[in-house]
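Reviewing the structure listed below.
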Amino acid sequence: MLHVDPIFAATSVAPATLAAGGEAVPPPFTVARVLTETRLDSWLALGLVLAAGLYLYGVYRLRLRGDRWPVVRTVCFLVPGLGGIAAVTVSGLGAYDTALLSVHMVQHMVLSMIAPIFLALGAPVTLALRTLPVRPRKRLLAIVHSRIARVYSFPLVAFAIFVVNPFALYFTGLYEITLRHEWAHELVHAHFIMTGCVFFWPLLGLDPLPGRWPYPARALLMLLSVPFHTVLGLTIMQSTILLGGDWYPSLHLSWSDPWNDQVVAGGVLWAGGEFVSVTMLAVLVVQWIKQSEREARRLDRELDRQEARQRAAEASA
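Counting in the numbering used here, the sequence shown tops out at residue 346, every number present.
Here it is, written out as structure tokens:
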């Protein structure tokens, strides 16, 4: 049974415009449909609203007791973080993710690379630790420092998961399963988000994580991740086999050619991977500079205290 988004079933199409299995195929992809068609009936939409509400409640609790929370962290978490996920899943763009491979690849980039970076910069774990009562805070700390968290947050493990997963998805029969079954389709969205968070949280995140690497090692790992999306994108562009098996040809889209769309999809991965890699390195360099400045100020204060103690000792002598 083919899976086609409900938006397509509600769209007027000619009786002959049918996919295999008798389902209505989507109308031509336009910017207007991306901006106007929105689906709020998915579990992911509910999760985004819940996450935003909890984050804002935490910020509110801090302000009630007179503590400050950086506005830039709130903006990062809500706008490009949760907002980026919403833009490619509950908007009209998400309605075409089973009809166009290129749209799916845009989803892939946002869910696994762009949104997780800004979610990590929002420091939600730190916010939770500062606002939760004693018992929930201890439980959260126990989870953060648990053996499972240590294993998955170890940079080399996260790097392996981040790199291997796309190849395992697109060059096996798994991707076709996600196209034909709604539950698998939703599951792969959650998988993209979790994979990105596991990779970027230890490298760019501001939350306290065990075993965090120094900045030079993090920068090296990021540089090593750059070629893999380039290789993946070029492999998809030059592939002589359509991803998803006969799914895309069975839709009989008069306004889209599956082969040309696959080339566009590979280009999205290639170019998008380069852009995100540059962004990652820029964020890491800024964090590195700020950490060096904080360390320099700490050393200056320590030297000042030592000089003050020395002068006091000389005066007393």
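All residues carry an ideal CB built from backbone N, CA and C; glycine is no exception.
Residue i versus residue j - alpha carbon distance
i	j	result
Leu170	Trp230	16 Å
Ser120	Cys105	20 Å
Tyr181	Val78	27 Å
Asp329	Glu336	11 Å
Leu271	Val108	35 Å
Ala128	Phe200	18 Å
Pro256	Ile190	15 Å
Thr46	Pro195	Because Thr46 carries a pLDDT of 42, less than 50, the predicted location of this residue cannot be relied on, and the following value inherits that uncertainty. Roughly 32 Å separates the two Cα atoms.
Glu331	Arg323	12 Å
Leu263	Thr308	21 Å
Arg209	Ile318	48 Å
Arg68	Val173	34 Å
Arg340	Arg327	20 Å
Pro57	Trp98	45 Å
Arg176	Ile222	21 Å
Gly51	Gly76	Note on Gly51: pLDDT 40, under 50, position unreliable in the model; the coordinate value appears next. Roughly 33 Å between the two C-alpha positions.
Val117	Ala325	42 Å
Arg159	Gln291	47 Å
Ser345	Asp333	18 Å
Arg338	Leu250	43 Å
Glu343	Ala144	58 Å
Leu298	His258	6 Å
Arg168	Ser279	50 Å
Leu198	Arg94	47 Å
Residue from the options whose Cα sits closest to the Cα of residue i
i	options	result
Glu303	Val260, Leu91, Trp212	Val260
Leu150	Ser268, Cys226, Asp275	Cys226
Trp288	Ser306, Gln267, Ser345	Gln267
Tyr277	Thr65, Tyr125, Ile177, Trp212	Tyr125
Gly84	Arg94, Thr103, Glu66, Asp96	Note on residue identity: the sequence assigns Tyr, not Gly, to residue 84. Answer by Cα proximity: Thr103.
Ser254	Ala341, Arg241, Met142, Ile265	Met142
Glu211	Ala294, Gly123, Ser131	Gly123
Leu17	Val88, Leu232, Arg241	Absent from the model: residue 17. The displayed extent of the chain is 30 to 346, so no value can be given.
Ser321	Ser279, Pro245, Asp290	Pro245
Met134	Thr224, Gly296, Ala325	Gly296
Phe147	Leu249, Leu232, Trp284, Ala61	Leu232
Beta-carbon spacing of residue i, residue j below 9 Å
i	j	result
Ala157	Arg164	no
Ala219	Leu111	no
Pro114	Val154	For the record, residue 114 in the displayed sequence is Ile; it is not Pro. Cβ atoms of Ile114 and Val154: not closer than 9 Å.
Gly274	Glu215	no
Arg247	Leu313	yes
Ala311	Gly234	no
Ala178	Pro243	no
Leu130	Ala300	no
Thr207	Val217	yes
Endpoints, alpha helix (DSSP H) assigned at residue i
i	result
Tyr125	Note, Tyr125: premise wrong, no alpha helix (DSSP H); not H, not E.
Thr224	211–233
Asp275	Asp275 -> no alpha helix (DSSP H), and no H or E assigned at all.
Ile146	144–150
Phe257	244–267
Glu303	287–345
Ser131	130–138
In chain order, which beta strand (DSSP E) runs of at least 3 residues are fully inside the stretch 155–184? With a minimum length of 3 residues, no continuous beta strand (DSSP E) run stays inside the stretch 155–184.
Report the start-end ranges of each alpha helix (DSSP H) in the stretch 63–99 that is 4 residues or longer and not cut off at the edges. 72–93
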